[in-house]
Amino acid sequence: MAMAMDDTAHEQQMLVQWCMAAQVFTESEFRQAIQRTYCTEEEEDTEEIQPVIEQINSSMSAFSLELRSCMDQTSGIRNWALVNTNADTISTGATPYTASELVTLKTLVEGVFTEKMGNYSLSLHEALRMATKRNGTVAGTLTRAETESLIRKFCADGWLATDPDGGYVVLGARSIIELQSFFNVGFADYIRLCSLCKEMATSGIMCMECMEAVHPYCANRLASASGNQLTCPACNKHIEQPRKFGPGERGIPHIVESVAGSVRGDSVGLDEPATQSIKKLRIEDSSDDEE
Amino acid sequence: MDEESQVSERTATDLVRYALACHASGKPIKRENLKTHVLGNTPTRNTRPLLDRANELLSQNFGLRMVPLPSHEKTLTNNAKAQPAATKWVLQSTLPNDARQRLELAQTEDQQAILGFAATVLSLVFVSNMSVSVDQLVLYVRKLGPPQCIAAPADTREATSYASDAQMESAAREAIGYLTRQGYLDKVKLGASGGGEHSAETQATQATQATQLPTDDRHDEGMMYTWGPKARVEFQPLDMARFIAAATGQECTDEFIKTIGRAYGSNITASQ
Chain A
1 MAMAMDDTAH EQQMLVQWCM AAQVFTESEF RQAIQRTYCT EEEEDTEEIQ
51 PVIEQINSSM SAFSLELRSC MDQTSGIRNW ALVNTNADTI STGATPYTAS
101 ELVTLKTLVE GVFTEKMGNY SLSLHEALRM ATKRNGTVAG TLTRAETESL
151 IRKFCADGWL ATDPDGGYVV LGARSIIELQ SFFNVGFADY IRLCSLCKEM
201 ATSGIMCMEC MEAVHPYCAN RLASASGNQL TCPACNKHIE QPRKFGPGER
251 GIPHIVESVA GSVRGDSVGL DEPATQSIKK LRIEDSSDDE E
Chain B
1 MDEESQVSER TATDLVRYAL ACHASGKPIK RENLKTHVLG NTPTRNTRPL
51 LDRANELLSQ NFGLRMVPLP SHEKTLTNNA KAQPAATKWV LQSTLPNDAR
101 QRLELAQTED QQAILGFAAT VLSLVFVSNM SVSVDQLVLY VRKLGPPQCI
151 AAPADTREAT SYASDAQMES AAREAIGYLT RQGYLDKVKL GASGGGEHSA
201 ETQATQATQA TQLPTDDRHD EGMMYTWGPK ARVEFQPLDM ARFIAAATGQ
251 ECTDEFIKTI GRAYGSNITA SQ
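Chains as they are written, first to last, in UniProt numbering: chain A, 1 to 291; chain B, 1 to 272.
This is how it looks when you write it as structure tokens:
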């Protein structure tokens, strides 16, 4: 890559400012920004931007910032964001949301992530109901119109998203990129990882032999590579009738064990008290007799 | 690095993190919040060195710096000795103009519309010797047509034609109110000594009886709009002259700049 690596400080400042302004951006947009910054030809190979990423992360680590990414589970497009890695009072002290809005965001993010059928989505109606329901720790409720406006705001900021048909609320790219520690610590039992790419899977198919998940995009890649026959990358069994999960799907319920411990937050301030415990529950799928 | 230096460096780094978080939230960095979230029990005499070090780190790593937001008193007088200590800061890019243009920082359509609208309104105030009556500004904004994202919030935005005169008046006042709340405009009442002509000299002194007043039309009599703190940080006189040249399709020659400076009430130099 024909970069002017001897004059990187200025260009790196430009890139960092661009990342901060863009918030969440695709890898293609990132490459174009690099091209403009360093006035080079656009490179196609992912590996070529790795030195830029590593250099930025090296200088940003002192400020608890890091470039992280996640893959769009359907399209395969990689999304990036410069995220805060230290959820202390310094970063949460300047949250753009009011206390009430934070409670609503937390309620919705948790509601989506722990949706009992394992579809990681809420119908719009359910999301509105959940957000306007009186919360015992917060005085007052939001009206339906206020809640709709708030959900739109969360979607615009990348924390939530609506599926293409607009009927379901799902996690936005920013939540998946930035809230990893939040989910890992407090909701580990609800996490599914794609057995091919090892990234979080909130939609896809599940191999009912080994109960491992595969993204829709990764499943298509596997099928294309093996003559439209889908083989589970974890157990190598042929997946005859894939069981799908995601917005609008039948779903595969979570099985959650009792967990006690702290739930760490993130830059937007979703911290929980340290002694939060999650009740043991076992969700039965009344229509599934396979167990 | 001894322990005290390490603590200072950590505090300066935390200050940078807090400043960036405020910047991302679109909020100014307030002195009282700095004390609460970052400085804690740090002796006051150490605050300046910490701010200086934080600015160094911001400049080296982010191409940014903290600049004080002028207080409302500062917008109305150029007497530097009368300026109180800064209580709010915002982050400003230190990158040269050509670098910033190459950057093409991402902005939403609404952000672009608001910035363009703010620049246009501020240019009207700029060429009016930095003060415009309320009624005059409302008239300008009605003709200009405020962006819908200000005049009507997203969740109520519909295809409106502003056919009604009252609606247009209301939309214009709402847009001006928005710019005032954001700090781009200040609504002030001028003292008797400051009325009439607004020369460069009187501009510096006319504010002695000026006070920041609520932004509703009940207080319009004798009221003027001038640039607010945020405008004075984000827009420089020379940039404004260039904007006016571009907006009116003229070349930004030295003669043009001089002409604009006469309307502004002060010479505009290349260093501004």
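The beta-carbon is built from N, C-alpha and C at its ideal position, and this holds for glycine as well.
### Task
Could you tell me whether any Cβ in chain B is nearer than 8 Å to the Cβ of A:F63?
Looking up residue 63 of chain A in the first sequence gives position 63. So yes, A:F63 belongs to the interface.
### Contact with chain A by B:A21, beta-carbon distance below 8 Å
Along the second sequence, read from residue 1 onward, the residue named residue 21 of chain B stands at position 21. True, the Cβ-Cβ gap to chain A drops below 8 Å.
### Message
Taking the straight line between their C-alpha atoms, what separation do you get for A:D72 and A:R78?
### Response
Taking the first residue of the first sequence as 1, we reach residue 72 of chain A at position 72. Taking the first residue of the first sequence as 1, we reach residue 78 of chain A at position 78. Approximately 6 Å, taken between the alpha carbons.
### Task
Report the option in A:Q12, A:K106, A:A161, A:N236 whose CA atom is closest to the CA atom of A:I53.
One-based indexing of the first sequence puts residue 53 of chain A at position 53. For the residues A:Q12, A:K106, A:A161, A:N236, the minimum Cα distance to A:I53 belongs to A:Q12.
### Message
Can you confirm whether B:T211, when its beta carbon is compared against all beta carbons of chain A, has any partner nearer than 8 Å?
### Response
In the second sequence, residue 211 of chain B corresponds to position 211, counting from 1. Summary for B:T211: the model assigns pLDDT 43, below 50, so the residue's position carries little reliability, and this model does not support an answer.
### Contact residues within the segment 53 to 66 of chain B, judged by C-beta distance below 9 Å to chain A
L57, S59, Q60, N61, F62, G63, L64
### Message
Less than 8 Å between the C-beta atoms of A:A132 and A:L124, yes or no?
### Response
For this step, residue 132 of chain A is matched to residue 132 along the first sequence. For this step, residue 124 of chain A is matched to residue 124 along the first sequence. The displayed chain sequence assigns Thr, not Ala, to residue 132 of chain A. Result no, Cβ atoms of A:T132 and A:L124 do not sit closer than 8 Å.
### Message
Mapping the DSSP letters down to three states, classify A:F25 as helix, strand or coil.
### Response
Taking the first sequence and counting its residues from 1, one reaches residue 25 of chain A at position 25. The answer is strand: DSSP assigns A:F25 an E or B state.
### Task
Could you tell me if B:G249 is buried or exposed, where buried requires 16 or more neighbouring beta carbons within 10 angstroms of its beta carbon?
In the second sequence, the residue the question calls residue 249 of chain B occupies position 249. Classification for B:G249: exposed.
### Query
Are the beta-carbon atoms of A:W159 and A:V83 separated by less than 8 Å?
Here residue 159 of chain A corresponds to residue number 159 of the first sequence, with the count starting at 1. Here residue 83 of chain A corresponds to residue number 83 of the first sequence, with the count starting at 1. No, these two residues do not count as a Cβ contact at 8 Å.
### Task
Leaving out five residues on either side along the sequence, give the residues of the same chain with a beta carbon under 8 Å from the beta carbon of B:L213.
Mapped onto the second sequence, residue 213 of chain B falls at position 213. The predicted position of B:L213 is uncertain, since its pLDDT is 46 and thus under 50; a value taken from the coordinates is nonetheless stated next. K187, V188, K189, H219, M223, listed in sequence order.
### Query
What span of residues does the beta strand (DSSP E) with B:K230 cover, start to end?
Here residue 230 of chain B refers to the residue found at position 230 of the second sequence. Note, B:K230: premise wrong, no beta strand (DSSP E); alpha helix (DSSP H) at 229 to 234.
### Query
Can you tell me the Cα-Cα spacing of A:R36 and A:C19, whole angstroms?
Here residue 36 of chain A refers to the residue found at position 36 when the first sequence is read from its first residue. Here residue 19 of chain A refers to the residue found at position 19 when the first sequence is read from its first residue. Rounded to whole angstroms, A:R36 to A:C19 spans 13 Å at the Cα level.
### Message
Using the three-state DSSP reduction, which class does A:P51 fall into: helix, strand or coil?
### Response
If you number the first sequence from 1, residue 51 of chain A lands on position 51. Helix.
### Task
Starting from A:I91, find everything on chain B with Cβ-Cβ shorter than 9 Å and list it in chain order.
Translated into the one-based positions of the first sequence, residue 91 of chain A becomes position 91. Note that residue 91 of chain A is Ser in the sequence shown, not Ile. Result: R17, Y18, L20, A21.
### Query
Is the CB of A:H10 under 8 Å away from at least one CB in chain B?
Locating residue 10 of chain A in the first sequence gives position 10, where the first residue counts as 1. Cβ-Cβ to chain B under 8 Å: yes for A:H10.
### Message
Counting only Cβ pairs nearer than 8 Å, list the residues of chain B close to A:V16.
### Response
As a position in the first sequence, residue 16 of chain A is number 16, starting the count at 1. The answer, in chain order, is N61, F62, G63.
### Message
Once DSSP output is grouped into helix, strand and coil, what is the label at A:F154?
### Response
Here residue 154 of chain A corresponds to residue number 154 of the first sequence, with the count starting at 1. The answer is helix: DSSP assigns A:F154 an H, G or I state.
#### Entry: Contact with chain A by B:N41, beta-carbon distance below 8 Å
Stepping through the second sequence from its first residue, residue 41 of chain B is reached at position 41. Chain A, which has no Cβ nearer than 8 Å to the Cβ of B:N41, makes this no.
### Task
Spell out a yes or no on whether the segment 227 to 240 of chain A and the segment 84 to 100 of chain A are touching, meaning 3 or more CB-CB pairs, one atom from each, closer than 8 Å.
no
### Query
Are A:C218 and A:C235 closer than 8 Å when you measure CB to CB?
Counting from 1 along the first sequence, the entry for residue 218 of chain A is found at position 218. Counting from 1 along the first sequence, the entry for residue 235 of chain A is found at position 235. Not closer than 8 Å, so no.
### Query
How close, in whole Å, do the beta carbons of B:Y184 and B:K230 come, if the pair is a contact with beta carbons under 8 Å?
Position 184 of the second sequence, counting from 1, holds the residue named residue 184 of chain B. Position 230 of the second sequence, counting from 1, holds the residue named residue 230 of chain B. Indeed they touch by this definition, with Cβ atoms about 5 Å apart.
### Message
Between A:T95 and chain B, is any beta-carbon pair separated by less than 8 Å?
### Response
On the first sequence, residue 95 of chain A is found 95 positions in, with the first residue counted as 1. A:T95 counts as touching chain B.
### Query
Which bits of chain B does A:T37 rub up against, with CB to CB less than 8 Å?
Taking the first residue of the first sequence as 1, we reach residue 37 of chain A at position 37. Neighbours of A:T37 on chain B, chain order: R102, L103.
### Beta-carbon proximity check, B:T47 vs B:V125, cutoff 8 Å
Position 47 of the second sequence, counted from the start, is the residue given in the question as residue 47 of chain B. Position 125 of the second sequence, counted from the start, is the residue given in the question as residue 125 of chain B. Not a contact, by the Cβ cut-off of 8 Å.
### Message
Once DSSP output is grouped into helix, strand and coil, what is the label at B:E4?
### Response
Here residue 4 of chain B refers to the residue found at position 4 of the second sequence. Helix, per DSSP.
### Query
Is the CB of A:R264 under 8 Å away from at least one CB in chain B?
Here residue 264 of chain A corresponds to residue number 264 of the first sequence, with the count starting at 1. Confidence in A:R264 is poor, its pLDDT being 41 and thus under 50, which makes the residue's placement unreliable; the coordinate value appears in the next sentence. A:R264 does not count as touching chain B.
### Query
How many Å lie between B:E221 and B:Q111 at the Cα?
Along the second sequence, one-based indexing puts residue 221 of chain B at 221. Along the second sequence, one-based indexing puts residue 111 of chain B at 111. The straight-line gap from Cα to Cα measures roughly 32 Å.
### Query
Where does the unbroken alpha helix (DSSP H) through B:N97 begin, and where does it stop?
For this step, residue 97 of chain B is matched to residue 97 along the second sequence. Run containing B:N97: 97 to 103, per the alpha helix (DSSP H) assignment.
### Query
Relative to chain B, which residues along the segment 105 to 118 of chain A have a C-beta separation below 9 Å, given in chain order?
none
### Query
Using a Cβ-Cβ distance under 8 Å, would B:S25 count as near chain A?
The sequence position of residue 25 of chain B within the second sequence is 25, counting from 1. B:S25 counts as touching chain A.
#### Entry: C-beta neighbour in chain B for A:S100, strict 8 Å
For the purposes of this step, residue 100 of chain A is taken as the residue at position 100 of the first sequence. Closer than 8 Å: no.
### Query
Between the Cα of A:F63 and the Cα atoms of B:G177, B:L64, B:L57, which residue gives the shortest distance?
For the purposes of this step, residue 63 of chain A is taken as the residue at position 63 of the first sequence. The option with the nearest alpha carbon to A:F63 is B:L57.
### Query
Which residue's Cα is closest to the Cα of A:I177: A:H10, A:T26, A:A21?
Working through the first sequence from its first residue, we reach residue 177 of chain A at position 177. For the residues A:H10, A:T26, A:A21, the minimum Cα distance to A:I177 belongs to A:T26.
### Query
For A:E66, which residues does DSSP report across the bridge?
Counted from its first residue, the first sequence places residue 66 of chain A at position 66. Answer is A:V83, bridged to A:E66.
### Task
List the DSSP bridge partners of B:M223.
Along the second sequence, read from residue 1 onward, the residue named residue 223 of chain B stands at position 223. Paired residues: B:K189.
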